Amino acid sequence: MSEAVSFGRQHTGDLRLEAEVVVVGSGAGGAVAAAILQEAGHDVLVLEEGGYVHPDEHARMRPSQSLRHLWREAGLTATLALGDSPLINVMMGRCVGGSSMLTGGVCFRIPETVLHEWRQDHHLHDMTPEHLEPYYREVEEAISVQEVPKEMRSRSTQLFGLGAERMGFKLESMRRNTSGCVGWSTCNFGCPSGAKMSVGRTYLPRAQAAGTRIWSDCLVERVKIEGDRAVGVSGRVLNREGGRPGGRLTVKAKQVILAAGSLYTPLILKRSGVGRASAQVGRNLTLHPAFRIMARFEEEVRGGQGALQSAFSSHYEPEGIQFNSVFVPTGVLAATQPGVGDAHAERAAMLPHLAMFGANLHDDGGGTVHRIIGREPVVTYRMADKDRVAMRRALRIAGQTFFAAGAKEVFLPILGAPAMDPDQFAAYDLEHMPARRLECTSQHPLGSVRMAATAGAGVVDPDHQSWEVRGLYVSDGSVVPTSLGVNPQLTIMTLATRFARRFLGH
């Protein structure tokens with residue numbers, strides 16, 4: 031990316047800007063829209079709450095530095111659990127490039143079962159594979175989506191795959207947005223080889239080359255509305271040291287595109303008084319609750335050697351479960367091990383022998399984004415009954431799969447659960463375990479400003495424009511009508527491409 035990013039933290043006093051189109055957020059949705067509109071001749075301004083870190087500098091960062099400088103709240107944003115639901119750590123980017131900078135690069139097209147639901151239940155009749163095909167292809171070419179070769183699978187993934195074969199299911203190769211990946215397995219914290227084709231290496235440089243201005247450290251709080259039309263945004267310029275507010279930010283624009291993500295786009299809309307008619311803003315949030323299962327083998331596994339996410343299984347998707355390969359850097363893994371002193375040292379010594387695999391749930395919309403006093407929203411989440419069943423089922427299958435591959439012990443992501451050998455695992459009453467004991471994360475918040483065919487059913491129309499305010503659009507994961515059951519990066523970028531092309535009248 032060009033160094034032509036303006037740093038809000040270096041600006042003193044109030045900041046007043048003007049553009050034809052202002053895009054709030056620079057992640058997968060905002061970057062795509064900005065590049066396409068700027069290349070078509072529109073004057074585009076991108077505002078990003080987070081700071082700017084050059085991709086090459088990010089590549090050299092330690093995980094702790096990446097968490098501090100690029101992740102929102104160092105990755106510690108969490109939901110407020112309602113009923114028998116887990117507390118879910120929602121991990122998001124807050125930087126130029128957004129969460130695109132922090133993903134494993136996984137790219138799935140929207141499953142046909144999901145598209146069918148959108149057509150059947152949400153009356154979005156053009157959401158077909160044929161309609162979306164040119165937009166998929168445009169994005170996949172731009173970010174170098176390619177299948178991960180089997181030889182890039184880590185030993186951890188190979189062992190889970192061996193167990194899967196013995197259990198009667200198989201792993202399939204992931205597709206990721208990479209070019210020349212060498213398998214450092216640190217994708218979430220920075221790619222040392224520069225192989226991950228995030229928007230920081232693709233769409234944002236394109237946008238800048240065409241003339242887009244990007245300002246970092248700019249917190250947008252409200253959309254400015256005159257009559258029934260958006261005319262700009264307002265907020266604060268931030269001091270990066272602690273993110274303290276500085277001068278006032280005022281932007282005049284003919285078109286406003288919100289791309290601040292599924293937690294912060296609804297917050298901006300709520301502050302702006304948009305969405306009251308449908309009462310849908312902030313509702314219908316889905317998270318793809320995710321968890322990882324670890325297993326100890328006699329052999330050395332060294333699961334961090336190979337592609338971070340290289341394989342998945344769709345075998346249990348009818349039950350709302352997707353298994354996918356994952357690992358974390360050894361230093362991060364060591365820090366998460368329980369115990370102190372000798373007990374922690376004993377656990378740390380077994381790290382080279384640990385394998386790991388993950389599971390995502392295709393959840394119902396159990397989340398809500400609430401506006402409260404202050405800068406951050408509160409997110410509540412109530413896990414559906416079917417998702418609790420799927421969670422327990424996924425844990426049982428994963429444990430059995432590792433034991434089928436020869437594991438000596440498994441470590442379940444359950445608060446207070448001990449390491450278990452095969453007999454202990456078979457006897458463990460997973461089926462009655464409270465969901466609130468699950469250690470759970472999410473990197474896929476979706477749906478809180480959902481697209482709908484009618485004003486009463488959603489917040490934006492099929493062209494991504496607000497049902498209430500002309501000239502106000504949304505281009506991020508919040509417009510996705512339902513949970514996907516698969517990683518949403520390609521979906522968000524594809525829908526952003528569709529939006530931008532339709533905006534241009536193509």
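Using this note's numbering, the first residue of the sequence shown is number 31, and each one after it goes up by one. Heads up, the beta-carbon is just placed ideally off N, CA and C, and yes, glycines get one too. On a predicted model such as this, the values are computed, not experimentally measured, just so you know.
Between S478 and G312, the C-beta gap is smaller than 8 Å, which places the two residues in contact. As DSSP reads the structure, V175 sits in a beta bridge with N207. Rounded to whole angstroms, the Cβ separation of F441 and S184 is 18 Å, and the two are not in contact under 8 Å. Classified as buried, T316 has 16 or more neighbouring CB atoms from the shown chains inside 10 Å of its CB.
Distances from the alpha-carbon of Q352 to those of V53, M380, Q367, D393 put D393 closest. Within the stretch 352-440, complete beta strand (DSSP E) segments of at least 3 residues are found at 384-391, 397-400, 408-411, given in chain order. Per DSSP, K200 has no beta bridge partner at all. Looking at the backbone, the Cα of K416 and that of E142 are separated by about 21 Å. In the DSSP annotation of this structure, the continuous segment of the beta strand (DSSP E) that includes S36 starts and ends at 35-37. Counted as a single uninterrupted DSSP element, the stretch harbouring M324 is not any alpha helix (DSSP H) but the beta strand (DSSP E) occupying residues 320-326. When DSSP states are grouped into helix, strand and coil, C221 belongs to the coil group. The shortest C-alpha to C-alpha distance from V263 to any of P222, G436, L279 is the one to L279.
Distance from the Cα of A379 is smallest, within the candidate group L363, A389, M386, for L363.
Taken in chain order, the complete beta strand (DSSP E) segments of 3 or more residues contained in the stretch 45-81 are 45-54, 74-77. Listed as beta-bridge partners of N119 by DSSP are A108, T471. In terms of CA proximity to G60, G128 leads the group G71, G128, V35. Below 8 Å, too few C-beta pairs join the stretch 90-102 and the stretch 445-465 to call them touching: fewer than three. Separation of E461 and V419 (C-alpha to C-alpha, rounded to the nearest whole angstrom) is 8 Å. The beta-carbon separation of S228 and D506, rounded to 15 Å, does not stay under the 8 Å limit for a contact. Secondary structure note for W148: its alpha helix (DSSP H) is the uninterrupted segment 142-152.
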